[in-house]
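S.K.:
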Amino acid sequence: MDIQKNLIQLGQAFTTKEDAITFCGEQLLAGGYVTADYLPAMLERNQELSVYMGNFIAIPHGTDAAKKEVLKTGITIVQVPRGVNFGDDADPKIATVLFGIAGVGNEHLALIQKISIFCADVDNVVKLADAQTADEIADLLNSVDV
Numbered sequence: 102m103d104i105q106k107n108l109i110q111l112g113q114a115f116t117t118k119e120d121a122i123t124f125c126g127e128q129l130l131a132g133g134y135v136t137a138d139y140l141p142a143m144l145e146r147n148q149e150l151s152v153y154m155g156n157f158i159a160i161p162h163g164t165d166a167a168k169k170e171v172l173k174t175g176i177t178i179v180q181v182p183r184g185v186n187f188g189d190d191a192d193p194k195i196a197t198v199l200f201g202i203a204g205v206g207n208e209h210l211a212l213i214q215k216i217s218i219f220c221a222d223v224d225n226v227v228k229l230a231d232a233q234t235a236d237e238i239a240d241l242l243n244s245v246d247v
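This note's numbering numbers the first residue of the sequence shown as 102 and each following residue consecutively.
1) So, helix, strand or coil for phenylalanine 187, using DSSP?
2) Give the straight-line distance between the Cα atoms of glycine 112 and valine 179, rounded to the nearest whole angstrom.
3) My output table needs one value for glutamine 110: the three-state DSSP class, helix, strand or coil.
4) Where does valine 205 fall in DSSP's three states?
5) What residues match up with phenylalanine 200 in a beta bridge as DSSP calls it?
6) In angstroms, rounded to a whole number, what distance separates the CA positions of asparagine 107 and isoleucine 238?
7) For a quick check, are the C-beta atoms of alanine 230 and proline 182 less than 8 Å apart?
8) How is the alpha helix (DSSP H) around tyrosine 139 delimited, first residue to last?
9) For threonine 136, which residues of its own chain have a beta-carbon under 6 Å away from its beta-carbon, when the five flanking residues on both sides are left out?
10) Can you give me the start and stop residues for the alpha helix (DSSP H) that glycine 126 sits inside?
11) Between the C-alpha atoms of glutamine 128 and tyrosine 139, what's the straight-line distance to the nearest angstrom?
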């Protein structure tokens with residue numbers, strides 16, 4: 102599965118993690134990847150277990166029960182240069198790059214592996230956060246061999 106450039110959003114800003122998660126869901130919904138019922142499941146998933154992964158990235162996705170709301174596999178990449186807090190004031194967890202995921206079966210796992218390998222190096226996350234074009238983001242992630 103390749104990076105979907107139509108799902109890359111540059112220079113976004115969010116007040117809350119809920120706004121950020123909803124935005125990811127709206128991108129997937131607008132692209133025809135999920136039904137509207139997938140969006141609340143993304144918020145529910147974050148309440149059950151934070152979608153913040155460390156190294157300034159978050160991977161919003163739905164609950165297992167919401168898998169049936171996924172129409173086709175898609176991953177939106179949302180750049181948040183000023184960051185959005187997935188923690189709280191006492192324990193901030195700032196994400197500057199979001200990967201909103203809707204996966205059919207296991208189709209998305211190779212791409213998640215690619216994202217994980219790339220983002221394990223915080224310098225690479227900075228490159229994604231600083232990228233000026235969707236092509237630049239796609240090229241960075243496509244440079245990873247899995």
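Note that CB positions come from ideal geometry on N, CA and C, so glycine has one too.
Treat the numbers as computed from the prediction; the structure is a model and nothing was measured.
M.R.: Considering the structure as presented:
1) coil
2) Straight-line Cα distance between these residues: approximately 8 Å.
3) strand
4) coil
5) Ile178
6) 12 Å
7) yes
8) 139-149
9) Glu170
10) 118-131
11) 12 Å
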